[in-house]
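Residue 22 is where the sequence shown starts when you use our numbering, and the numbers rise one by one after that.
All C-beta atoms in this analysis are idealised placements derived from N, C-alpha and C, irrespective of residue type, glycine included.
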Amino acid sequence: MAVFEVVVGIVAGLALFLYSISSLTEEVENLVKTKLRNKLLKIKNRGIGIGTGTVLTAMLQSSSAFSALVVSLTSASAISLSQAIALLIGANIGTTVTAQLVSFNITILGPLLIALGFLISLKKEYGIAGKSLFFLGILLFSLQLLESNLSTIELGGYEKAIANPYLALLLGIILTAVVQSSSVVTSLAVVAATAGAVPTFSAVLVVLGANIGTSSTALLASRRADKYGRAAATFHVLYNVVGVLIFLPIIIPFFNFVVSISSNNPGRIVANTHTLFNAATAILFAIAMPKVEEVVRGISGAGEREVSFVAKNLVESSNKKKRIENVKKELFGNIEIIAKMSRIVKETSDLSQTRDEGRFRKYAAYISFLHDEIAGYIKKTAEMKLSKKEASLLSLEARTSIIIEEIANSIERIYAGLNFSKMKASDRYFVAKAMETLANGIEEISKEPSRKAGKETRDNLYSIIHEYYNYLIKDFIGEYKGEPSTIYGILAELERIAPEVVSLSYSLEKIKKG
């Protein structure tokens, strides 16, 4: 075969392979994205998390795409760091499926899947499934094309360079960082070894390098992430780098062991080494997961537990009384978030500098998220056959959720209005005192809600507000050094909050009594 034809065949095979991987990932994401977030939110068990990461990565055919998704979900507070770590451990097992499929020489099924996928996609209701099969067929066909062209290559003087373990490892890292897919590189390594274009041991080292190189995707995804998203990316890097470093000293006996249990097929040897290496690394990290998480939090500065956007109590149920009780539990949980927001504003005013802004924004967004979740849950409950008392209680719960969101919105506006360059020390002291009073009052209401507790908090807030108005009047007789609009804006928000606290406490008292 002419050199030109071989080069064209390899380039065409690579182009088809990269296109099919990208398209297949996109189609599978479309197939599962509506259910994916809700499924990930419910994962609590470490083992289930690892299993879920394995299955989803195998479906997506890309650990890089899945790791980027996990980092994004962690940063968006859709999942916790603990959940992210379990999912990423599973992703490293799931990514071995592609290499295994390639090594079993099922590439001959490519044309069949292309034809089958095309026919299925003609029916609209099966369009996404058909496209997924179609792109899987192209993937297998492209590998068949690559293998047939690579088998004609003679290494000659390059064999020694490729056989160098350090160069092979580096090649795997660079290639994966460039193409942003470890599945692409590991599959090519299997195909190249099967075709005899690369020594089997060198192909194994390329695969190990791909494990490190795939971390680059998570790092790129974490550039705009918060500290928890960056912590997830940090874990992914540590996992892959440390895993390779642990196995490098024993790679030769490990490789020989895999050869002894594999058929005399270079592609199978590479795929089996990849699978056993990733499985062994996953087991090691799963056992040490709590300690590893602690280390990752320390490195990335994510020591404080993150806010996870999940309605913990809004569990689906056909029992209307149970649903009303679930809303009650969720509402009492929301009150704690208001108190935490108030304390952040108080601490920020004390220090005269922005502090915990990211966490404050998360709390504010979380309140809005929970309000929407509660509204949707209440709407479904209202469609059931309710008694007059149940309907009244459900209506009260809906109103209480609105009150909580309104108080949170006012606190958010107070936080946004803290302009320390235009505020006097007395202004900052007043804000800190008012927010501490609010936080204490909210905490008291959450323990034992009553109209009396709400009125006490309201009266305490009004007392502080009136005291400061009197101070401003006296100060204006002289020369006020601050910015009136800044402090008046904060005073106005506190005046909105004060009566709402009474309504909140009274509503919660009635909800608690049922």
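Nearest to residue i (by Cα), restricted to the options the options
i, options, result
"residue 187", "478, 336 and 266", "266"
"residue 355", "307, 525 and 278", "525"
"residue 518", "486, 492, 530 and 105", "486"
"residue 256", "464, 338 and 113", "113"
"residue 393", "357, 450, 330 and 359", "330"
"residue 342", "401, 318 and 360", "401"
"residue 68", "308, 441, 335 and 321", "308"
"residue 432", "371, 142, 514 and 85", "514"
"residue 323", "271, 247 and 264", "247"
"residue 328", "105, 384, 142 and 389", "384"
"residue 134", "263, 123, 144 and 159", "159"
"residue 442", "507, 457 and 421", "507"
"residue 204", "232, 185, 218 and 213", "232"
"residue 185", "208, 221 and 411", "221"
"residue 80", "122, 386, 103 and 100", "122"
"residue 449", "430, 476, 369 and 411", "369"
"residue 535", "274, 412 and 277", "412"
Residues near residue i in its chain [Cβ-Cβ closer than 6 Å; skip 5 each side]
i, result
"residue 349", "532"
"residue 299", "113, 114 and 117"
"residue 424", "521, 524 and 525"
"residue 180", "Unreliable placement is indicated for residue 180, whose pLDDT of 49 sits below 50; the coordinate value is still reported in the next sentence. The answer is none, since no qualifying residue turns up."
"residue 419", "399"
"residue 489", "451"
"residue 498", "With a pLDDT of 49 at residue 498, under the threshold of 50, the modelled position of that residue is not reliable, and the figure given next carries that caveat. Counting only Cβ-Cβ distances below 6 Å, and skipping sequence neighbours, we find nothing."
"residue 334", "347, 350 and 351"
"residue 250", "92, 95, 96 and 243"
"residue 108", "70, 74 and 91"
"residue 478", "462 and 522"
Alpha-carbon to alpha-carbon, residue j and residue i
i, j, result
"residue 470", "residue 78", "47 Å"
"residue 29", "residue 162", "15 Å"
"residue 74", "residue 260", "15 Å"
"residue 382", "residue 409", "39 Å"
"residue 176", "residue 88", "With a pLDDT of only 48 at residue 176, under the threshold of 50, the placement of this residue in the model should not be trusted, and no figure is reported."
"residue 332", "residue 351", "7 Å"
"residue 388", "residue 357", "10 Å"
"residue 33", "residue 391", "50 Å"
"residue 395", "residue 105", "26 Å"
"residue 321", "residue 95", "14 Å"
"residue 234", "residue 132", "31 Å"
"residue 198", "residue 283", "30 Å"
"residue 264", "residue 272", "12 Å"
"residue 509", "residue 484", "16 Å"
"residue 84", "residue 202", "7 Å"
"residue 467", "residue 311", "32 Å"
"residue 315", "residue 66", "18 Å"
"residue 286", "residue 215", "7 Å"
"residue 101", "residue 378", "19 Å"
7 Å Cβ cutoff, residue i in contact with chain C
i, result
"residue 336", "No chain C appears in the structure shown, which is made up of a single protein chain."
Same chain, Cβ closer than 7 Å to residue i, five either side skipped, listed in chain order
i, result
"residue 240", "254 and 258"
"residue 279", "290, 293, 294 and 297"
"residue 190", "226, 229 and 230"
"residue 511", "435, 438 and 452"
"residue 427", "521"
"residue 528", "417, 420, 421 and 424"
"residue 154", "134, 137, 138 and 141"
"residue 76", "115"
"residue 192", "227 and 230"
"residue 306", "110, 260 and 313"
"residue 103", "314"
Cβ neighbours of residue i in the same chain (closer than 8 Å, five flanking residues each side left out)
i, result
"residue 415", "345, 348, 399, 402, 403 and 407"
"residue 303", "71, 110, 111, 113 and 114"
"residue 482", "455, 458, 459, 462, 515, 518, 519 and 522"
Presumed contact (8 Å Cβ cut-off) between residue i and residue j, rounded CB distance
i, j, result
"residue 472", "residue 530", "6 Å"
"residue 460", "residue 360", "5 Å"
"residue 494", "residue 363", "About 27 Å separates the two Cβ atoms, so there is no contact after all."
"residue 211", "residue 288", "5 Å"
"residue 218", "residue 317", "So it is not a contact: roughly 39 Å between Cβ atoms."
Proximity test, residue i beta-carbon vs the ligand FAD heavy atom, cut-off 6 Å
i, result
"residue 447", "Looking for the ligand FAD in the displayed structure turns up nothing, as the structure carries no ligands at all."
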